[in-house]
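Take the sequence shown: its letter number 95 is residue 95 in the UniProt record's numbering, and every next letter is one higher.
Glycine is no exception: its CB is placed at the ideal position from the N, C-alpha and C atoms.
Keep in mind that this is a model prediction, so the values were computed, not measured.
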Amino acid sequence: MASNIGMMDSAYFVGRNEILTWINNRLQLNLSRIEEAASGAVQCQMMDMTYPGIVPMHKVNFDAKTEYDMIQNYKVLQDVFNKLKIEKHVEVNRLVKGRPLDNLEFLQWLKRYCDSVNGGIMNENYNPLERRSKGGRDRNSRGSQKTTKSLQANYMHNSASGDTVDLNKISGQKQGRGSAVAGGANSSEEIQALSREITDLKLSVDLLEKERDFYFAKLRDIEILCQIPELEDLPMGVAIKKILYAADAKESALEEAQEYLSVAIDTGETEVESEA
Numbered sequence: 001m002a003s004n005i006g007m008m009d010s011a012y013f014v015g016r017n018e019i020l021t022w023i024n025n026r027l028q029l030n031l032s033r034i035e036e037a038a039s040g041a042v043q044c045q046m047m048d049m050t051y052p053g054i055v056p057m058h059k060v061n062f063d064a065k066t067e068y069d070m071i072q073n074y075k076v077l078q079d080v081f082n083k084l085k086i087e088k089h090v091e092v093n094r095l096v097k098g099r100p101l102d103n104l105e106f107l108q109w110l111k112r113y114c115d116s117v118n119g120g121i122m123n124e125n126y127n128p129l130e131r132r133s134k135g136g137r138d139r140n141s142r143g144s145q146k147t148t149k150s151l152q153a154n155y156m157h158n159s160a161s162g163d164t165v166d167l168n169k170i171s172g173q174k175q176g177r178g179s180a181v182a183g184g185a186n187s188s189e190e191i192q193a194l195s196r197e198i199t200d201l202k203l204s205v206d207l208l209e210k211e212r213d214f215y216f217a218k219l220r221d222i223e224i225l226c227q228i229p230e231l232e233d234l235p236m237g238v239a240i241k242k243i244l245y246a247a248d249a250k251e252s253a254l255e256e257a258q259e260y261l262s263v264a265i266d267t268g269e270t271e272v273e274s275e276a
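So, in structure tokens, the structure goes:
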């Protein structure tokens, strides 16, 4: 099934916003950028929703930040693909880099595959939050809680030993730094907003180029078909070539082709009648 989803399939013309809406609605997430799904955890849970229970969610790390942790998620995903005999090569080294286009293409393929399994009908009995709680996030949360308790214990110990900290002094230092950094924070937010806008524009350009190539390939196939010797001089072939080879500014190409075809048909009918 997956092997039939080629690069020119309509699946690869699904936009970024539609993909993000699909993910957020089904998994109860709040992703705003395609790159946020680069860790592979989202893909694992989508497969878990499509085939409930097939993904060992305790092995999926939803807080993966390093490439090593992300690669472990993709290993889980690849194991699931192998179990289901899905012949899909996962470009892990490219996906973990967080490149928007690479991740968008993979998510486009994933959406098409999941929709083909259940007709796009969402599994209402699937609880994404509950399933996600079985993943790596629990482990990380427990680890952070242990760290917090340890820090609290050390603080209490130091306080009991007389090694107290002047909190007022620390507060004053923070306020001083806050006023100095405020302007820089605004600039940083503007830069991030512009970077996201540039990324979105690049994605739009890439998708438009892919759509252009898709339709150009179709026109080229029609042209080759019309150049077959047996079809080249037929009225329909000539009419189609009139449209294909018309100048961009020539708006009457279709009318001219229709008129030519009408004359050719009338001439053919007249010849048949005279022969009869």
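Given a cut-off of 8 Å on the beta-carbon distance, is the pair residue i and residue j in contact?
i: residue 256; j: residue 241; result: no
i: residue 193; j: residue 98; result: no
i: residue 76; j: residue 54; result: no
i: residue 107; j: residue 19; result: yes
i: residue 96; j: residue 67; result: yes
i: residue 82; j: residue 35; result: no
i: residue 264; j: residue 235; result: yes
i: residue 238; j: residue 111; result: no
i: residue 101; j: residue 203; result: yes
i: residue 118; j: residue 50; result: yes
i: residue 113; j: residue 52; result: no
i: residue 33; j: residue 196; result: yes
In its own chain, which residues sit with a C-beta less than 7 Å from the C-beta of residue i, not counting the 5 before and 5 after it?
i: residue 28; result: 128 and 129
i: residue 48; result: 54, 55, 57 and 131
i: residue 92; result: 71 and 74
i: residue 122; result: 26
i: residue 246; result: 253
Please classify residue i: does DSSP put it in a helix, a strand, or coil?
i: residue 124; result: coil
i: residue 106; result: helix
i: residue 264; result: helix
i: residue 66; result: coil
Does residue i get closer than 8 Å to chain C when you measure Cβ to Cβ?
i: residue 17; result: Chain labels in this structure do not include chain C; a single protein chain is all it has.
Can you find the residues in the same chain that come closer than 8 Å, C-beta to C-beta, to residue i, ignoring five residues on each side of it along the sequence?
i: residue 244; result: 219, 222, 223 and 226
i: residue 90; result: 74, 77, 78, 81 and 106
i: residue 260; result: 235, 238, 239 and 242
i: residue 206; result: 101
i: residue 258; result: 239
Short of 6 Å in beta carbon distance, which residues of its chain neighbour residue i, apart from the five on each side in sequence? Order them along the chain.
i: residue 41; result: 60, 62 and 73
i: residue 45; result: 27
**Item:** alpha helix (DSSP H) segments (min. 4 residues) lying fully within the UniProt domain "EB1 C-terminal" (183 to 253)
**Value:** 229 to 232 and 235 to 244
**Asked** What are the uninterrupted segments assigned as alpha helix (DSSP H) that are 4 or more residues long and contained completely in the UniProt domain "Calponin-homology (CH)" (13 to 115), given in chain order?
**Response** 16 to 27, 41 to 50, 67 to 84 and 92 to 95
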